[in-house]
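Comments concern the structure below.
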Amino acid sequence: MWNIRAASLAGIAALALAAQPSVAAPAHHRSEKRCSPAGIRAAHGTARAERRIRCLLNARRARTGMRPLRWDRCLDRAAERHARDMVRRRYFAHASLGGRTLVQRARATGYVPRNGRWSLGENLAWGAGRRATAAATVRGWLRSPPHRRNVFTSRFRDVGIAVVHGAPVRLPRGARARVARVTVVAEFGARAPGRCRR
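Using our numbering, you'd call the opening residue of the sequence shown number 869 and step up by one each time.
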């Protein structure tokens, strides 16, 4: 469900709140080996899958000479809340069913300051079975120009990633009940240093 052919079915979505340059990324590289096993399934541990996704994103950025994305508690909290809400309420979108946007979610955690400069971007994905892996998620994002722009935006310094068990949509009849399903949210950002709210 991560491949481009099935993008509308899988619901890969990207949102960038600023114009960003596009950078192409080749398939495999030595720096990605340190992220091994990149194919780890989220069913084996969501925290491990989140770390693998960040590692793979940073390996790709390193290949273009970019700085790594730092884990950010505020963005992580915003990503987790949005992923859980999508799974619980069965929707797949950048805005919640109540209309809450990425900016509002980031502001609620304290990431977006009242005054000052900031920049945000968001990648969403979900998959089932063999496509519910860190490697499949990153591969899907890199094959999609809007997602790739978020990954390769040099302005972004921070990232929060959430991997949550469950699909954000109802699956068709006959979908195997035992197949792992995950929803992934990656929040990218840049801002002046600050503290997170609870």
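Cβ atoms here follow ideal geometry from the backbone N, Cα and C, with glycine treated the same way.
Predicted, not measured: the structure shown is a model, and the values here were computed from it.
Inset, instruction - Sort ALA927, PHE1020 and ARG916 by Cα distance to LEU988 and report the nearest one. - result: LEU988 has its Cα closest to that of PHE1020, out of ALA927, PHE1020 and ARG916.
Legend entry - Residue closest to CYS903, alpha-carbon to alpha-carbon, out of THR914, LEU925 and GLY913: For the residues THR914, LEU925 and GLY913, the minimum Cα distance to CYS903 belongs to LEU925.
Inset, instruction - Output yes or no for whether 8 Å exceeds the beta carbon distance between GLY978 and ALA1060. - result: For GLY978 and ALA1060, no; Cβs fall outside 8 Å.
Inset, instruction - Could you spell out the range, first to last residue, of the beta strand (DSSP E) harbouring HIS1033? - result: Per DSSP, HIS1033 belongs to the beta strand (DSSP E) from 1026-1033.
Legend entry - Uninterrupted alpha helix (DSSP H) stretches inside the region 969-1001 (no shorter than 4 residues): Runs of the alpha helix (DSSP H) inside the region 969-1001: 970-977.
Inset, instruction - Please work out which residues of its chain come closer than 7 Å, Cβ to Cβ, to ARG949, disregarding the five sequence neighbours upstream and downstream, and give them in chain order. - result: Contacts found: ARG973.
Inset, instruction - Return the chain-ordered list of same chain residues with a C-beta closer than 8 Å to the C-beta of ARG929, the five sequence neighbours on each side being excluded. - result: Answer for ARG929: ARG935, PRO936, LEU937, VAL1019 and PHE1020, listed in chain order.
Legend entry - Own chain, CB closer than 6 Å to GLU1055, minus 5 neighbours either side, in chain order: LEU943, ALA946, ALA947, GLU990 and GLY1028, listed in sequence order.
Inset, instruction - Check each candidate in VAL1050, ARG916 and ARG931 and name the one with the smallest Cα separation from PRO1036. - result: PRO1036 has its Cα closest to that of VAL1050, out of VAL1050, ARG916 and ARG931.
Legend entry - For ARG1016 and PHE1024, the rounded distance between their alpha carbons: Computed Cα separation, rounded: 13 Å.
Inset, instruction - Just the C-alpha distance for PHE960 and ARG931, rounded to the nearest angstrom, thanks. - result: In a straight line, the C-alpha of PHE960 is about 31 Å away from that of ARG931.
Inset, instruction - For ARG1063, verify whether its CB is less than 7 Å away from any heavy atom of the ligand ADP. - result: This structure lacks the ligand ADP, and indeed carries no ligand of any kind.
Inset, instruction - List in chain order: all unbroken alpha helix (DSSP H) runs of 4+ residues lying wholly within the region 906-946. - result: If you keep only unbroken alpha helix (DSSP H) runs of at least 4 residues inside the region 906-946, you get 914-931.
Inset, instruction - Buried or exposed for ARG1065, please, with buried defined as at least 16 other CB atoms from any protein chain shown within 10 angstroms of its CB. - result: By the 10 Å Cβ count, ARG1065 comes out exposed.
Inset, instruction - Given a cut-off of 8 Å, decide if GLU918 and VAL1006 are closer than it, judged by their beta-carbon atoms. - result: Not a contact, by the Cβ cut-off of 8 Å.
Inset, instruction - Buried or exposed for LEU965, please, with buried defined as at least 16 other CB atoms from any protein chain shown within 10 angstroms of its CB. - result: Exposed: under 16 other Cβ atoms inside 10 Å.
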